[in-house]
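Numbering (my numbering), first residue to last: 66 to 467. Reading through the structure tokens given below for one structure.
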Ligand code: NAD
Ligand code: MG
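What follows is the structure, given as structure tokens:
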């Protein structure tokens, strides 16, 4: 349990230059007496990481890209900052498992976040999990490692954090045992909830990343537009809350005020509400079971006045249906879905693929590859790399076709 006579918590922020990383540092900035930044990491954004090093003075800064790391080193030398600069993917694992790190914010986007998150689990850290792809790729292994090494896994994804807040104690024993009969996972429906289906093939990357309620990185913004984000979140929720897929009901709630709900056998329905700002779930996970100010304004319910809900349209959003299918299929199917989605989204953002071809790439990739049991990391990483190759081949075939 958390010691309220607290010692300062050492934090490693994986993906500190991204949207979640920047929001995490904003929460940390408000509580210098509670949190000490030990390590910051990014892929190649040396200038942004340099600015963060000046402000937070971490012991380590990691840039995966070697040239960017060299540039950062030179800038820090000139500025007289003592941060040690590391490079290469292995350095992510190293800083996620340092002795003086208590909490690891897992906010790298995509499959690249899996290995450092596993390293944090094996080092017994409190993991603040934003990187949902780690659970989608490798849920069984990550959950087992968390248990085995007595790590803690706290959800930062706003819906999962909301569900966690509405869950009873000891839900990990089984949801039926604690009286939970359904999880209502809310979704904004993204920017194309009401756009005519016939025009979806013309969607541009600029339109897809313009989310109505949240400011997010490019990949998750496109995932929200296809609703693959919600599909990934259904899979994430099954692992985090030990739930069957049939217990998870997606609810369209375009206002993003309720962040998810938990339904109980006695008729109670608990919801967590708040302004759509990721600093709330970040601060919640960092301080749990305490509460700390996050910088988010309280919700004005008189201004909201009315809440709206709809059922999701699986025809408009085939990615959501595919996520339920792969969950039921099990094994490496979710790993393949995740990898194919990453390739398809990347191709769409590079204008090589139309928006409506994103689900087609994923479907074709899932059809092409034989799924196997996902019982060890080697198998997972192999399935991930095979799926990337196969979906790249499909991108070449479907390029520019509607
Ligand atoms: P982002 O694109 O803004 O930032 C990604 C971060 O990861 C950057 O710091 C980048 O340097 C780093 N990175 C990218 N590729 C990397 C690689 N190959 N190796 C190492 N580092 C790499 O993304 P984001 O919106 O902050 O999302 C981060 C994660 O959090 C995603 O998994 C996303 O699904 C999840 N998430 C985000 C939000 C949100 O509101 N942005 C909400 C819920 C969950
Ligand atoms: Mg979410």
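Think of the CB as a built atom: it goes at the ideal place given N, C-alpha and C, for glycine as much as any other residue.
Local conformation of residue i per DSSP, three classes
{"i": "residue 75", "result": "strand"}
{"i": "residue 149", "result": "strand"}
{"i": "residue 67", "result": "Residue placement at residue 67 cannot be trusted, given a pLDDT of 48 that sits under 50; what the coordinates show is reported in the next sentence. Reduced to three states, the DSSP call for residue 67 is coil."}
{"i": "residue 233", "result": "coil"}
{"i": "residue 173", "result": "coil"}
{"i": "residue 89", "result": "helix"}
{"i": "residue 269", "result": "coil"}
{"i": "residue 193", "result": "strand"}
{"i": "residue 127", "result": "strand"}
{"i": "residue 242", "result": "helix"}
{"i": "residue 164", "result": "coil"}
{"i": "residue 354", "result": "coil"}
{"i": "residue 281", "result": "coil"}
Closer than 7 Å: residue i CB and nearest the ligand MG heavy atom
{"i": "residue 223", "result": "yes"}
{"i": "residue 407", "result": "no"}
{"i": "residue 298", "result": "yes"}
Contact under 8 Å by Cβ, residue i with residue j
{"i": "residue 105", "j": "residue 121", "result": "yes"}
{"i": "residue 408", "j": "residue 456", "result": "yes"}
{"i": "residue 170", "j": "residue 84", "result": "no"}
{"i": "residue 387", "j": "residue 358", "result": "no"}
{"i": "residue 410", "j": "residue 399", "result": "no"}
{"i": "residue 202", "j": "residue 219", "result": "no"}
{"i": "residue 258", "j": "residue 317", "result": "yes"}
{"i": "residue 287", "j": "residue 137", "result": "no"}
{"i": "residue 430", "j": "residue 405", "result": "yes"}
Chain-order list of residues whose beta-carbon lies under 6 Å from that of residue i (same chain, five-residue window excluded)
{"i": "residue 323", "result": "251, 336 and 338"}
{"i": "residue 346", "result": "221, 223 and 226"}
{"i": "residue 181", "result": "79, 157, 158 and 161"}
{"i": "residue 296", "result": "384, 385 and 388"}
{"i": "residue 86", "result": "78, 80 and 172"}
Distance, residue j Cα to residue i Cα
{"i": "residue 197", "j": "residue 368", "result": "32 Å"}
{"i": "residue 187", "j": "residue 168", "result": "13 Å"}
{"i": "residue 66", "j": "residue 128", "result": "Because the pLDDT of residue 66 is 43, which lies under 50, any placement of that residue in the model is unreliable, and the number read from its coordinates should be weighed accordingly. Their backbone Cα atoms lie some 33 Å apart in a straight line."}
{"i": "residue 107", "j": "residue 330", "result": "45 Å"}
{"i": "residue 229", "j": "residue 435", "result": "35 Å"}
{"i": "residue 302", "j": "residue 248", "result": "9 Å"}
{"i": "residue 76", "j": "residue 270", "result": "34 Å"}
{"i": "residue 307", "j": "residue 200", "result": "12 Å"}
{"i": "residue 360", "j": "residue 166", "result": "24 Å"}
{"i": "residue 312", "j": "residue 442", "result": "28 Å"}
{"i": "residue 237", "j": "residue 416", "result": "43 Å"}
The ligand NAD heavy atom lying under 7 Å from the CB of residue i
{"i": "residue 285", "result": "yes"}
{"i": "residue 107", "result": "yes"}
{"i": "residue 249", "result": "no"}
{"i": "residue 281", "result": "yes"}
{"i": "residue 82", "result": "yes"}
{"i": "residue 293", "result": "no"}
7 Å Cβ shell around residue i - same chain, five flanking residues per side excluded
{"i": "residue 282", "result": "83, 84 and 174"}
{"i": "residue 319", "result": "253, 254, 258 and 373"}
Beta-carbon proximity list for residue i, same chain, < 8 Å, skipping 5 on both sides
{"i": "residue 276", "result": "253, 255, 256, 286, 289 and 290"}
beta-carbon residue i near the ligand ADP non-hydrogen atom, thresh 7 Å
{"i": "residue 209", "result": "Because the ligand ADP does not appear in the structure shown, any question about it cannot be addressed here, the ligands present being the ligand NAD and the ligand MG."}
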